[in-house]
Amino acid sequence: MTTIRNGHANGSNGHAKKQLDVVVVGGGLVGSLEALFLARRGHRVRLYEYREDIRNTPQARGRSINLALSVRGRQALKSVGLEHHMIQEHGIPMRGRRIHKLDGSTYVIPYDANSKQCIYSVGRNYLNCQLLEESEKYGNVERFFHHKLVDAQLSKGSLTFQKTDTKEIVQVTADLVIGADGAFSGVRKAMMKQPLFDYSQKYIEHGYLELCIPADENDGFQMPANFLHIWPRGEFMMIALPNQDCSWTVTLFMPFTNFKRLDTPEKLIAFFEKYFPDSIPLIGKNKLIEDFFAGSPSPLVAVKCRPYHVEDKALLIGDAAHAVVPFYGQGMNAGFEDCTLLDQLFQKHNDNLADILTEFSNTRWEDTFAISDLAMYNYIEMRDLVTRPTYRLRKAIDDFIYWLLPRVWVPLYNSVTFTTMPYHKCVKNREWQDKVLKKISTIGLLAALGGAAVAIKLNYFA
Ligand code: FAD
Ligand code: EGO
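The opening residue of the sequence shown carries number 0 in numbering that gives the first Met the number 0; numbering runs sequentially from there.
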């Protein structure tokens, strides 16, 4: 069935608006979502993707990669009518972190003891398939797979693709080019030729490798399902997110140099016995060896750039605009938030592209830089502080005041994950909290000292 929903195609004032011809480069999570937003506004959308149509490649069992979906991502999915399905039918709620200590014992810190908000583990491929499948409902969306962007003249809105199968060259022009082609974006590469385009990238010393804890013999979960499991070990960190089929996707973060040293099964097992002993029987010794040496660690890169647009012709969104390290679980959520904000700007500026793109560029960077810094900060902090009692003390204080004054005091992780407060305001809010706590502790200290002085004076201790 084909339904064209272009309820917004005509402005509320009754003037027929021009249908824009938009090309979205990249049919990953953000590109396929943005195509839906644009289609709902009645624009003509052509989506070009390098890979094959993932809907045609059934996933091997135990090869599922999952992501944490939180409020910003949910809000965007809601706007295109997919939130309910992703949360209620597919997503697995993670209500807190379950920390694994060295001795194999675990403890839980809930995400939100007050309002019971949680994050959801969703399959990356599943979500991507849902987004692509949804676009079939719009007659104004066309999808082209096996198309690789090889060149772009952004100020003309012209793009060159090469078909990966036939090697044929395809020329395309559009009123608007959306670059949603990920952290190594070709659209961004073309933007680099623009004067005044700022760019920075940072590879961290850690790489990541994915492992798998299979379902148990009764097809159930081997660990309590509704948590994000974390094994904090200083230099090494491991996390596990639950899958629909009761397996777990385990991600090991470790410096590349350490990965290199683990070059035999014996060294690997010795390493796991030392740092992640409880995970060995869960993964299975042989499977651990097999999976570890089957893959190789992938790099993690953070990219910042500015501005995101070229005139009224091209715009970067998602990882293409702001790749962040994954230590806040916000990369996709931030990219989905781009789509929400862009949609609001289409509404505000009545489809005037020059105004829309300029405002997006001028306002969005502050928030994407903020989440990028937060994620990078977590990368450093998680290594050092997780095991330190001061970190847990601060979390306990935060959660206590949050419990007392839930409207006034929202801890940083909660504001980032469970509100749509702009990321840079989450940081400002945290700075304010730091100041308040510092004042309270100074007052507390002074009061204690004063009390002690009075007590001594009154010979209280005599
Ligand atoms: P991508 O998903 O990279 O999609 C880009 C698409 O463009 C791809 O399909 C690619 O094939 C295509 N493409 C690339 N080049 C070309 C070209 N030249 N021509 C045509 N097509 C092209 N985020 C969260 O919110 N929560 C998490 O828990 C989370 N965990 C993560 C864990 C890890 C280990 C990593 C690495 C990332 C994680 N992220 C998470 C971040 C998340 O994966 C990204 O932010 C998200 O995938 C970005 O989506 P995107 O569509 O912008 O880019
Ligand atoms: C010390 C401990 C300092 C991603 C914890 C700061 C991120 C940060 C990678 C978790 C959870 C979704 C994630 C918490 C902090 C995903 C996440 C967190 C990881 C690693 C992740 C938490 C996929 C900040 N959310 N998070 O507290 O539970 O805390 F551990 Cl390595």
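We put the beta carbon where it would ideally sit given N, CA and C, even for glycine.
- Per the coordinates, the alpha-carbon of residue 50 lies some 22 Å from the alpha-carbon of residue 136.
- The C-beta of residue 431 has fewer than 16 other C-beta atoms within 10 Å across all chains shown, which makes the residue exposed.
- Residue 429 is positioned such that its CB atom lies closer than 7 Å to that of residue 411.
- Ranked by Cα distance from residue 40, the first of 106, 212, 139 is 139.
- If you keep only unbroken alpha helix (DSSP H) runs of at least 4 residues inside the segment 26-69, you get 28-39.
- Taking a cut-off of 8 Å for Cβ pairs, the segment 15-28 and the segment 103-110 do not touch, as fewer than three such pairs fall below it.
- Taken from the Cβ of residue 27, every heavy atom of the ligand EGO lies 6 Å or farther away.
- The straight-line gap separating the alpha-carbon atoms of residue 234 and residue 205 is approximately 9 Å.
- Taking C-alpha positions only, residue 313 is separated from residue 292 by approximately 42 Å.
- Three or more beta-carbon pairs drawn from the segment 236-253 and the segment 110-127 are found closer than 8 Å, and the two stretches are therefore classed as touching.
- When DSSP states are grouped into helix, strand and coil, residue 166 belongs to the coil group.
- If you draw a straight line from the Cα of residue 263 to the Cα of residue 102, it is about 25 Å long.
- For residue 230, the secondary structure class from DSSP, reduced to helix, strand or coil, is strand.
- In this structure, residue 162 sits near residue 145, with a CB-CB distance shorter than 7 Å.
- Scanning the segment 110-188 for uninterrupted alpha helix (DSSP H) segments of 4 residues or longer gives 123-134, listed from N- to C-terminal end.
- Distance check between residue 148 and each of 37, 115, 178, 224 places 178 closest, using alpha-carbon atoms only.
- Relative to the ligand EGO, the beta carbon of residue 255 is positioned no closer than 6 Å to any heavy atom.
- About 6 Å separates the CB atoms of residue 352 and residue 175; that is less than 8 Å, so the two are in contact.
- Between the segment 302-316 and the segment 181-200, the count of Cβ pairs shorter than 8 Å is three or higher; the stretches touch.
- Taking the Cα of residue 45 as reference, the smallest distance to any Cα among 65, 64, 19, 214 is reached at 19.
- The beta carbon of residue 54 sits no closer than 6 Å to any heavy atom of the ligand EGO.
- Taking all protein chains in view, the Cβ of residue 276 is surrounded by fewer than 16 other Cβ atoms within 10 Å, so the residue is classified as exposed.
- The residue among 26, 441, 25, 32 with its C-alpha nearest the C-alpha of residue 342 is 32.
- Sequence-distant Cβ neighbours of residue 208 in its own chain, meaning closer than 8 Å and more than five residues away, are 250, 251, 253, 258, 291, 294, 295, 296, 297.
- Sixteen is the threshold: since fewer than 16 other Cβ atoms of the shown chains lie within 10 Å of the Cβ of residue 269, the residue is exposed.
- As the crow flies, the alpha-carbon of residue 356 is around 35 Å from that of residue 433.
- Annotation for residue 58: 124 place their beta carbon closer than 7 Å to its own, counting only its chain and skipping 5 residues before and after.
- The C-beta separation of residue 180 from residue 24 comes to about 5 Å, placing the pair in contact by the 8 Å criterion.
- Checking the 6 Å criterion, the Cβ of residue 238 is within range of a heavy atom belonging to the ligand EGO.
- Going by C-alpha positions, residue 21 is about 20 Å away from residue 76.
- Under the three-pair Cβ rule at 8 Å, the segment 331-339 does not count as touching the segment 389-400.
- A distance below 8 Å between beta-carbons, with the five flanking residues on each side excluded, links residue 380 to the following residues of its chain, in chain order: 390.
- Taking the Cα positions, residue 350 is about 21 Å away from residue 364.
- DSSP places residue 193 in the coil class of the three-state scheme, outside both helix and strand.
- Taken through DSSP and simplified to helix, strand or coil, residue 305 comes out as strand.
- Partner residues in the beta bridge of residue 211, as assigned by DSSP, are 248.
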